[in-house]
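Written below as structure tokens is the structure these notes are about.
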Ligand SMILES: Cc1ncc(COP(=O)(O)O)c(C=O)c1O
């Protein structure tokens with residue numbers, strides 16, 4: 007990325023990535039910070055970091071590095087509709103975002119986010135639930151020899167060996183709604199990880215439509 011656009015003003019890294027659910031190693035982030043184009047800023051989107059349980063990069067903000075970290079209450083906290091999130095960065099870097107702000111957060115969002123941050127259990131409990139269901143469904147893919155991207159997030163990509171849209175439509179007919187296709191990987195579909203009973207329905211339908 008650093009080599010692709012030496013004149014870049016901003017580099018965006020989503021960690022874990024969406025839609026693949028893969029992690030960028032901490033060493034790579036540190037390398038990018040040390041080798042990125044001069045004057046550019048690293049925008050690190052940690053929307054899914056709580057699900058992965060991977061080390062966060064907040065300490066790099068505390069060290070005054072040229073990065074801004076984005077966090078959201080839309081994912082593990084399950085509050086997507088309420089519009090709560092945070093940007094962590096040096097004051098001079100955050101100042102650059104101010105013109106794009108839509109104003110103060112709603113008071114409901116502030117109250118709900120504050121309550122969530124005070125809970126000691128919410129993140130570890132949900133991380134474990136998602137991790138257990140993910141382990142089970144990835145094991146199922148392994149057992150049936152499907153090609154998939156090993157994910158540490160709340161979704162995974164699986165190769166359906168034909169235009170992904172066909173499988174999405176076939177699954178819909180089984181009343182199972184999965185995610186979508188990304189143009190760069192036309193034969194892969196993204197599957198969101200639901201509850202264990204939901205994923206049991208997914209497994210049954212998936213074997214049927216892939217047969
Ligand atoms: C990578 C990534 N970042 C951020 C967001 C959105 O966060 P918010 O709901 O706080 O705008 C999403 C949601 O789809 C996402 O996938």
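In our numbering, the protein residues as written are 7 to 217. C-beta atoms are modelled at their ideal positions from N, C-alpha and C, and glycine is treated no differently.
Problem - residue 198 beta carbon near ligand 1 (any heavy atom closer than 6 angstroms) - result: Within the chain shown, numbered from 1, the residue matching residue 198 stands at position 192. No; taking the cut-off as 6 angstroms, the Cβ of residue 198 has no heavy atom of ligand 1 nearer than that.
Practice task
Check whether the Cβ of residue 78 sits closer than 6 angstroms to any heavy atom of ligand 1, and report yes or no.
Solution key: As a first step, residue 78 is located in the chain shown; it is residue number 72 there, counting from the start. Residue 78: yes, Cβ under 6 angstroms from ligand 1.
Exercise for the section: Compute the minimum distance between the beta carbon of residue 63 and the heavy atoms of ligand 1, and state whether it is under 6 angstroms. Expected result: Within the chain shown, the letter at position 57 stands for residue 63. For ligand 1, not one heavy atom lies less than 6 angstroms from the Cβ of residue 63.
Problem - Proximity test, residue 109 beta-carbon vs ligand 1 heavy atom, cut-off 6 angstroms - result: Numbered from 1 along the chain shown, position 103 holds the residue referred to as residue 109. Flag unset: Cβ of residue 109 not near ligand 1.
Problem - Anticipated Cβ contact below 8 angstroms, residue 115 with residue 90, distance rounded - result: In the chain shown, counting from the first residue as 1, residue 115 sits at position 109. In the chain shown, counting from the first residue as 1, residue 90 sits at position 84. With 8 angstroms as the limit, residue 115 and residue 90 qualify as a contact, their Cβ atoms being about 4 angstroms apart.
Exercise for the section: Use the C-beta contact count for residue 149: other C-beta atoms within 10 angstroms, 16 or more gives buried, fewer gives exposed. Expected result: The sequence position of residue 149 within the chain shown is 143, counting from 1. Under this definition residue 149 is an exposed residue.
Problem - Residue environment, residue 83, which counts as buried when at least 16 other CB atoms sit within 10 Å - result: Within the chain shown, the letter at position 77 stands for residue 83. Result: buried.
Practice task
In angstroms with no decimal places, state the Cα-to-Cα distance between residue 71 and residue 61.
Solution key: Numbered from 1 along the chain shown, position 65 holds the residue referred to as residue 71. Numbered from 1 along the chain shown, position 55 holds the residue referred to as residue 61. Distance between the alpha carbons of residue 71 and residue 61 is about 17 angstroms.
Exercise for the section: Going by CA-CA distance only, name the one from 191, 187 and 180 that's closest to residue 208. Expected result: Here residue 208 refers to the residue found at position 202 when the chain shown is read from its first residue. The candidate whose alpha carbon is nearest that of residue 208 is 180.
Exercise for the section: Identify whether residue 60 lies in helix, strand or coil by the three-state DSSP scheme. Expected result: Translated into the one-based positions of the chain shown, residue 60 becomes position 54. Looking at residue 60 - three-state DSSP - the assignment turns out to be coil, as it is neither helix nor strand.
Handout entry: heavy atom of ligand 1 below 6 angstroms from residue 21 C-beta
Key = Numbered from its first residue, the chain shown carries residue 21 at position 15. No, the beta carbon of residue 21 sits no closer than 6 angstroms to any heavy atom of ligand 1.
Exercise for the section: In angstroms with no decimal places, state the Cα-to-Cα distance between residue 219 and residue 11. Expected result: Here the chain covers residues 7 to 217 and nothing more, so residue 219 does not appear.
Problem - Cβ-heavy atom distance, residue 40 to ligand 1, below 6 angstroms - result: The count along the chain shown starts at 1 and reaches residue 40 at position 34. No - ligand 1 has no heavy atom lying nearer than 6 angstroms to the Cβ of residue 40.
Exercise for the section: Give a yes or no on contact between the segment 29-48 and the segment 165-174, applying the rule of three or more CB pairs nearer than 8 angstroms. Expected result: no
Exercise for the section: Measure the C-alpha to C-alpha separation of residue 118 and residue 187 and round it to an integer number of angstroms. Expected result: If you number the chain shown from 1, residue 118 lands on position 112. If you number the chain shown from 1, residue 187 lands on position 181. Their Cα atoms are separated by approximately 33 angstroms.
Problem - Beta bridge counterpart(s) of residue 91 as assigned by DSSP - result: By 1-based counting over the chain shown, the position of residue 91 is 85. Bridge partners of residue 91: 78.
Practice task
Measuring only between beta-carbons, confirm whether residue 19 sits less than 7 angstroms from chain D.
Solution key: Going by chain labels, chain D is absent from the structure shown, which holds only one protein chain.
Practice task
Use the C-beta contact count for residue 102: other C-beta atoms within 10 angstroms, 16 or more gives buried, fewer gives exposed.
Solution key: The count along the chain shown starts at 1 and reaches residue 102 at position 96. Exposed, by the Cβ-count rule.
Exercise for the section: Let me know the secondary structure DSSP gives residue 106 once reduced to three states. Expected result: Indexing the chain shown from 1 puts residue 106 at position 100. Here residue 106 sits in helix by DSSP.
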